[in-house]
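Q:
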Amino acid sequence: IDSIVAVVEEDVVLRSELDASVSAVVSQFTSAGRQLPPRAVLEKQVLDQLIVTKLQLLRAEARGVRVSDQEIDSFINDVARKSGITINQMRRTIVEDGLSWKKFRQDVNDQLATQQLQRRIAFSRVDVSETEIDIHLSSQDNITGEYQLGHILISIPEGSSAGAIETARNQADKVYQELQDGMDFVTAAITYSNGPQALQGGDLGWRDATQVPSLVVSQISEMEVGDLTRPLRDPSGFHIIRINDFRLPTKMVREVKAQHIMIEVTELVSDGEAEATIRDIYRQIQGEVDFAELAKKFSDDTSSANLGGDMGWFVPTQYGPRVAELLSELQVDEMTEPFKTPAGWHLFKKIANREEDRTEEFIRSNALETIRQRKAEEELILWIRELRDEAYIEYRI
121 IDSIVAVVEE DVVLRSELDA SVSAVVSQFT SAGRQLPPRA VLEKQVLDQL
171 IVTKLQLLRA EARGVRVSDQ EIDSFINDVA RKSGITINQM RRTIVEDGLS
221 WKKFRQDVND QLATQQLQRR IAFSRVDVSE TEIDIHLSSQ DNITGEYQLG
271 HILISIPEGS SAGAIETARN QADKVYQELQ DGMDFVTAAI TYSNGPQALQ
321 GGDLGWRDAT QVPSLVVSQI SEMEVGDLTR PLRDPSGFHI IRINDFRLPT
371 KMVREVKAQH IMIEVTELVS DGEAEATIRD IYRQIQGEVD FAELAKKFSD
421 DTSSANLGGD MGWFVPTQYG PRVAELLSEL QVDEMTEPFK TPAGWHLFKK
471 IANREEDRTE EFIRSNALET IRQRKAEEEL ILWIRELRDE AYIEYRI
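One point on numbering: in this note's numbering, the residue at position 243 of the sequence shown is 363, and numbering is uninterrupted.
#1: Which residues in the same chain as residue 516 place their Cβ atom closer than 8 Å to its Cβ, once the five residues preceding and following it in sequence are excluded?
#2: In the region 167–243, which residue ranges form an unbroken alpha helix (DSSP H) of at least 4 residues, counting only runs that do not cross its ends?
#3: With a 10 Å radius around its C-beta and 16 neighbouring C-beta atoms as the bar for buried, classify residue 223 as buried or exposed.
#4: Please state the DSSP three-state secondary structure of residue 339.
#5: So, for residue 500: in the same chain, excluding its five sequence neighbours on each side, which residues have a beta-carbon less than 8 Å away from its beta-carbon?
#6: Here's the rule: buried if 16 or more other CB atoms are within 10 angstroms of the residue's CB, otherwise exposed. What is residue 301?
#7: When you measure from the CB of residue 478 to every non-hydrogen atom of the ligand FMN, does any distance come out below 8 Å?
#8: Could you check how far apart the C-beta atoms of residue 430 and residue 379 are, in whole angstroms? I think they sit under 8 Å.
#9: May I have the straight-line CA-CA distance separating residue 358 from residue 435, to the nearest angstrom?
#10: Starting from residue 374 and walking both ways along the beta strand (DSSP E), at which residues does that stretch end?
#11: Please go through the region 461–502 and give each complete beta strand (DSSP E) segment of 3 or more residues, from N-terminal end onward.
#12: Would you give the residue range spanned by the beta strand (DSSP E) that residue 306 belongs to?
#13: Apart from the five residues just before and just after residue 419, which ones in its own chain have a Cβ nearer than 8 Å to its Cβ?
#14: Please say whether residue 142 and residue 162 have beta carbons closer to each other than 9 Å?
#15: Sorted by chain position, which residues of the same chain lie with C-beta nearer than 7 Å to residue 416's C-beta, five sequence neighbours on each side aside?
#16: Would residue 396 pass as a contact of residue 385 if the rule is Cβ separation under 9 Å?
#17: If you draw a straight line from the alpha carbon of residue 374 to that of residue 473, how long is it in whole angstroms?
#18: For residue 468 and residue 398, what's the separation of their Cα atoms in angstroms?
#19: Considering only the alpha carbon of each residue, which of 421, 273, 401 and 332 lies closest to residue 353?
#20: Measuring straight from C-alpha to C-alpha, what distance separates residue 261 and residue 328?
#21: In the DSSP assignment, what are the bridge partners of residue 421?
#22: Three or more C-beta pairs closer than 8 Å, one from the region 225–237 and one from the region 149–169: is that the case here?
#23: Could you check the C-alpha separation between residue 271 and residue 362 for me, to the nearest Å?
#24: If we count the other Cβ atoms within 10 Å of its Cβ and call it buried at 16 or more, is residue 174 buried or exposed?
#25: Do the CB positions of residue 442 and residue 422 come within less than 9 Å of each other?
#26: Out of 438, 489, 478 and 403, which has the shortest C-alpha to C-alpha gap to residue 458?
#27: Can you name, in chain order, every residue of its own chain whose Cβ lies under 6 Å from the Cβ of residue 268, other than the five neighbours on each side?
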């Protein structure tokens, strides 16, 4: 017989949902040899996460967030590929673990819907100024590489009294001391953390040095793998951050130089006429008519036509996956067959390849995205706290 363990606005969390989620966490971490907290503590952590998930799904539905079957299929295919298994093998494994394929797809749908909502909310609350970019770049010159980080958050509810803040500070200090005394970080995160990644052992994944949380950015250059910060305070609570690993990434970018001819489909030029024109141009080039001459005469690509179709050096992906795929298959001096995109019909001729260090050219645009991402993560924690504070939640456990 099932029962309700929490009411979340007009939705509920069932005992069966809680038990299944707890079992999944136990299976995940015991197989990795990790020590877990007592069942009651773990249940509370899992229930809190289920409540937050329910609230986010309700908000996603209200905001019209929809996940297509194609997006779900793409996500599942990507997981299977990274795991080195087929979809059928994945399906068998999931069923053997006691989860139906339909429920698995629903879980993926919920995960993707929640991620879409979080991106909308977080980035809608973030603004980045040119001054912030300048300050960011000047302060990051001595920090390079990528860090894998662990995170523990002891949260402070909005509007907390001085006594509640002091209680949270003491709790953070207690957790820090337990870590200093040898407690496993993953176990501590599962047991104590109120952060979004608590049940993942506080794992924040790999971050570029410029994407580490702003709280620890001033200390990161002096920290070693295995080091952790003392509790750091911000509006959401007290944070303990650990460096799990470090690596120096490669910054080389593969570029191509190519010529391009495009015949645009317009109200005056039908798709069939554009295709016929590009195929005629293709035949002329095969008959050794100069590509540049035909580009100047026929191409509708205004940025390159007067240059004989010369696009200069560029990263192929900037023109979309189709162009990148076709150019990657070409040898130098080879030409694509005519192909179509929403912009029209195209021919590309590869002139040269090169490996180029483009780090400096990307720094400023990357800095904008880095600051936006960091501020978005901070805003997301605050929004989730606001979401809980404003929602009707009734515990029945």
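Where is the CB? At the ideal position from N, CA and C, for every residue including glycine.
A: Walking through what the data contain:
#1: 123, 124, 125, 126 and 127
#2: For the region 167–243, whole alpha helix (DSSP H) runs of length 4 or above, ordered along the chain, are 189–203 and 207–216.
#3: exposed
#4: coil
#5: Answer for residue 500: 238, 241, 242 and 316, listed in chain order.
#6: exposed
#7: Looking at this structure, you won't find the ligand FMN or any other ligand, since it has none at all.
#8: 6 Å
#9: 42 Å
#10: 372–384
#11: 464–477
#12: Residue range 305–312 is occupied by the alpha helix (DSSP H) that includes residue 306, with no beta strand (DSSP E) assigned at that position.
#13: Taken in chain order, the residues that qualify are 380, 381, 382, 383, 425 and 429.
#14: Yes. Within cutoff.
#15: 425, 426 and 428
#16: For residue 396 and residue 385, no; Cβs fall outside 9 Å.
#17: 7 Å
#18: 11 Å
#19: 273
#20: Residue placement at residue 261 is flagged as unreliable, the pLDDT there being 48, under the threshold of 50; a coordinate-derived value is accordingly withheld.
#21: According to DSSP, which records beta bridges pairwise, residue 421 is partnered with nothing at all.
#22: These segments do not touch.
#23: 7 Å
#24: By the Cβ-count criterion, residue 174 is buried, with 16 or more other Cβ atoms from all chains shown falling within 10 Å of its own Cβ.
#25: Taking the C-beta atoms as reference points, residue 422 is found no nearer than 9 Å to residue 442.
#26: 403
#27: 326, 364 and 365
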